[in-house]
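Mapping of the sequence shown onto the UniProt record's numbering: position 260 corresponds to residue 260, and the numbering continues sequentially without gaps. Quick reminder that beta carbons are idealized off the backbone N, C-alpha and C, glycines included. Beneath this line is the structure, given in structure tokens, with notes to follow.
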Amino acid sequence: MESEIQKNRFRQEREELKKMERTVNNCPFRTRYHIMPPVGWLNDPNGLCQFRGIYHAYFQYSPLSVHGGGGYWGHCTSTDLLHWEYKEPVLTTDIPEDAGGVYSGSALIENDHMYLFYTGNVKLPGNYDYIDSGRISTQILTESDDGQHMSGKTKLLGAEDYPENITRHVRDPKVWKEEGTYYMVLGARARAWDKEGERSDRGGVLIYMSQDKKNWSLWSELVPDKKFGYMWECPDIFVLSGTRVLSYCPQGLPAGEEKYQNIYQSGYSILPVGITAKIDSVFREWDPEDTFREWDMGFDFYAPQSFETEDGRRILIGWAGVPDTENAHRNLSVENGWQHCLTLPTELVYHSGKIFRKPVSELSNLPWKDVAADKADGKYRKYHWADQAVAVKEDGIAGGERCLLIGQEDNGLTVRVAGNKVELTFLNRDGQPSICGGGRRVRIGRVEDRVEELFVLIDSSIVEVFVNGGETVFTTRIYLDKKDRNLAADGRCRILAI
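Shown next, in the form of structure tokens:
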């Protein structure tokens with residue numbers, strides 16, 4: 001039953017969508033196979049699930065502002081993870097506990113019923129630091145029989161339920177059921193001080209348990225003794241090929257020469273023990289940096305969430321963006337009233353101690369066609385892709401040198417391969433950032449041995465590079481005018497278009 005506040009908020013979204021529909025839909029940067037906001041701003045994927053055979057993707061949605069601000073959960077559905085139908089939003093701010101935002105959360109499907117868990121956020125007006133005071137974080141449950149219409153909201157956890165050493169930053173519930181018990185993992189920021197007595201907060205996660213999804217008690221506080229960022233967001237715990245995985249987004253990691261190149265990171269660690277054993281002491285002594293691997297080495301990836309399909313696959317979708325990058329990375333779609341998209345859904349495969357992210361198999365079912373491309377100097381194949389989605393494939397690289405140019409020499413993205421290294425560069429001949437990159441410059445990633453194969457997917461304004469079947473992945477946005485959408489690719493590759 002919708003409240004009057006909900007009705008008014010949903011009406012505002014419809015009016016904004018109607019007003020901006022033509023401008024947004026005529027934007028040359030709209031994608032074909034990636035989830036975008038119908039209007040305004042999108043960020044974290046939420047509540048990913050398959051319900052009665054249909055895939056549901058919810059997302060943080062700000063239809064009234066292209067620069068964000070929260071306020072809604074957007075919603076879309078699909079039968080193949082590639083073609084998405086947009087629905088009306090399902091959540092908005094209509095109770096005191098979520099007046100400042102309906103923040104990220106997850107879905108649990110049980111007994112032909114959907115349960116959505118999310119964080120309600122409130123920021124009090126006044127002279128607060130919003131770390132130790134001024135912010136109220138509440139974990140909330142709502143339910144649905146169809147994935148679109150939600151029941152009332154039930155408060156599950158509030159400040160009184162969090163450990164005393166935890167700041168006001170607690171959010172992003174991911175809920176699952178295991179051996180008859182429900183578990184909820186939350187991202188957290190713990191108060192801490194260094195040896196000199198200076199404040200040096202540490203990131204971690206809180207795990208709660210329940211027998212009925214409504215009454216929760218703290219089960220484990222997992223904050224390692226060795227600091228690995230000051231806050232962990234969007235945690236996700238799951239089992240892959242019998243191995244327990246913690247996916248999380250640590251904030252505050254110092255950048256390395258090739259790693260941690262974005263302002264905030266997204267990655268995973270293999271947990272040392274299973275969830276059914278009390279792991280507080282083991283975890284405190286464990287150094288996450290020893291096992292932490294970044295999900296993506298590109299410019300635009302954050303807040304991933306995974307879910308299990310009805311056929312048993314573990315699918316991961318991320319936000320093709322990063323918070324707090326407005327001054328570094330411009331998204332040129334803003335002029336047309338929208339910003340950001342989600343990544344291509346990828347299947348996770350555990351192999352030899354690490355996780356590979358490969359495009360979902362549904363992608364190969366699209367009617368791809370090999371395209372005829374002009375050869376230049378017998379070395380490069382050139383192709384103009386304009387409105388098409390394009391894939392570039394090459395096998396048998398064996399660590400050799402390769403170069404792929406997307407766009408023009410003075411305004412494009414260059415993908416270079418040599419040995420075990422892959423480099424994405426948005427720099428022109430003068431070493432200045434290309435216009436199409438919006439300020440993005442260089443990202444580097446490596447595979448363990450050598451590069452053997454490359455798969456590059458281009459869908460209008462997003463490029464995803466899969467190396468060695470997803471051993472290393474890069475995601476980046478790109479903003480090329482249609483007239484500049486050229487490819488110059490090594491002659492040994494295949495170019496496919498749709």
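With respect to residue 337, residue 90 sits apart: the two C-beta atoms are not nearer than 7 Å. Every beta strand (DSSP E) stretch that sits fully inside the stretch 327 to 376 and reaches 3 residues is listed by chain position as 346 to 351, 354 to 359, 374 to 376.
The bridge partners DSSP lists for residue 271 come to none. According to the DSSP assignment, residue 46 belongs to the beta strand (DSSP E) that extends over 40 to 51. CA-CA distance, residue 143 to residue 210, rounds to 17 Å.
Between the stretch 76 to 95 and the stretch 40 to 59, the count of Cβ pairs shorter than 8 Å is three or higher; the stretches touch.
Taking a C-beta distance under 7 Å as the contact criterion, residue 166 and residue 192 do not qualify as a contact pair. Residues 494, 495, 496 of the same chain have their beta carbon placed closer than 8 Å to that of residue 370, with the five preceding and five following residues left out of the count. With contacts defined as CB atoms closer than 7 Å, residue 296 and residue 122 fail to qualify as a contacting pair. Counting the other CB atoms within 10 Å of its CB gives residue 181 a total below 16, which places it among the exposed residues.
Looking at the DSSP output, residue 455 bridges to 393, 466. Residue 454 and residue 246 have their alpha carbons spaced roughly 27 Å apart. Cβ contact annotation for residue 9 (same chain, cutoff 6 Å, sequence separation greater than five): 92, in chain order. Cβ contact annotation for residue 126 (same chain, cutoff 7 Å, sequence separation greater than five): 134, in chain order. Under the DSSP definition of a beta bridge, residue 240 partners with 243. By the 16-neighbour rule on beta-carbons within 10 angstroms, residue 340 is buried. According to the DSSP assignment, residue 299 belongs to no beta strand (DSSP E), since it is labelled neither H nor E. CA-CA distance, residue 3 to residue 431, rounds to 55 Å. Under the DSSP assignment, residue 17 falls in the alpha helix (DSSP H) whose first and last residues are 4 to 25.
Counting the other Cβ atoms within 10 Å of the Cβ of residue 271 gives 16 or more, which makes it buried.
For residue 96, the three-state secondary structure derived from DSSP is helix. Contact between the stretch 98 to 113 and the stretch 346 to 361 is absent: fewer than 3 CB-CB pairs across the two stretches fall below 8 Å.
Residues 229, 230 of the same chain have their beta carbon placed closer than 6 Å to that of residue 252, with the five preceding and five following residues left out of the count.
Remark: C-beta atoms of residue 401 and residue 373 do not approach each other more closely than 7 Å.
Straight-line measurement puts the Cα of residue 248 at about 37 Å from the Cα of residue 409. Close CB contacts of residue 313 within its chain, under the 7 Å cut and outside five residues either way in sequence, are with 347 (chain order).
The count of Cβ pairs closer than 8 Å, one atom from the stretch 45 to 54 and one from the stretch 297 to 313, reaches three, so the stretches are in contact.
In this structure, the beta-carbon distance from residue 207 to residue 216 does not fall below 7 Å. Between residue 205 and the set 199, 173, 212, the nearest pair of CA atoms involves 173. Around residue 437, the same chain offers 426 as residues with beta carbons nearer than 6 Å, after the five sequence neighbours per side are excluded.
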